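In this note's numbering, the protein residues as written are 951 to 1205.
One structure is given below, encoded as structure tokens.
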């Protein structure tokens, strides 16, 4: 994929409108930071904040302000017939999409802006990879129902659980980070990931324990501590119950 141009947080006044009946001749990805007027498939409507669209090269582009100010991110790019990639990620062109975590796409866009002016030898390859990652993040909203305001925060929190399972002590603590009641938090978590937060914490601890058992010579007691178990006795009992063998037996199978 080849990057042509991009803009981050581009601001326009209330009169701003883009109308390209024959498209721009390349692909255009937009992320709306304010509500915007847009026309897709001859239907005119308002695109909400945090939504996005990826126009194909020849598609009629019609969008602009619907309030006192219009702000968006935009990326013009080309891809050379890599339809298999687009099919794999499920990206739909010329359709309003609502990514569950628009901030993730924005972080990728910031990295892409840096690579676009980098003098490094591999900057074109880096830009290609980042464009693919950006489209993948946007594609997460294709065909998806309405997302909640907590999607991004929940994903960050889940990543933190798997990065450092020992730091997670209770559901109440995690719910407090999002200013939610424990019951509301657990409902949102399971709706987002299809598994309870408690089960995810256990899974993270056991997967981390397996890593240490198979790749280090650390004592069982130390592994239990690193993974957040109450003590080594609790860890040994829980490990066998979950995995059908003791931690020592598991370690021996990986030698």
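Even glycine gets a Cβ: it sits at the ideal position worked out from N, Cα and C.
Keep in mind the model is a prediction, meaning the values are calculated, not measured.
_DSSP state of residue 1188 mapped onto helix, strand, coil_ = Residue state, collapsed to three classes: helix.
*Hey, how far is the Cα of residue 1093 from the Cα of residue 981?*
Unreliable positioning characterises residue 1093 in this predicted model, as indicated by a pLDDT of 49, which lies under 50. A coordinate reading is not provided.
*With 16 other Cβ atoms within 10 Å as the buried cut-off, status of residue 1009*: Looking at its Cβ environment, which holds 16 or more other Cβ atoms inside 10 Å, residue 1009 is buried.
_Can you look up residue 1179 in the DSSP assignment and give me helix, strand or coil?_
In this structure, residue 1179 counts as coil in the three-state DSSP scheme.
_Residues near residue 1012 in its chain [Cβ-Cβ closer than 6 Å; skip 5 each side]_ = Sequence-distant Cβ neighbours of residue 1012 in its own chain, meaning closer than 6 Å and more than five residues away, are 969, 989.
*Status (buried if at least 16 other CB within 10 Å, exposed otherwise) for residue 1072*: Counting the other Cβ atoms within 10 Å of the Cβ of residue 1072 gives fewer than 16, which makes it exposed.
*What did DSSP end up calling residue 1019 once you bin it into helix, strand or coil?*
In this structure, residue 1019 counts as strand in the three-state DSSP scheme.
*How would you call residue 1096, buried or exposed, if buried means at least 16 neighbouring beta carbons within 10 angstroms?*
Residue confidence is low: residue 1096 scores 48 on pLDDT, short of 50, so the model does not pin down where it sits. No coordinate-derived value is stated.
*With DSSP collapsed to three states, give me the class of residue 1156.*
Residue 1156: helix per DSSP, three-state reduction.
*Since residue 962 is in the beta strand (DSSP E), which residue starts that stretch and which ends it?*
Counting along the chain, the beta strand (DSSP E) containing residue 962 begins and ends at 952-963.
*With distances taken from CA atoms, which of 1153, 1164, 1167 is nearest residue 1191?*
When only C-alpha atoms are compared, the closest one is 1153.
*How is the beta strand (DSSP E) around residue 989 delimited, first residue to last?*
Here the beta strand (DSSP E) through residue 989 covers 986-990.
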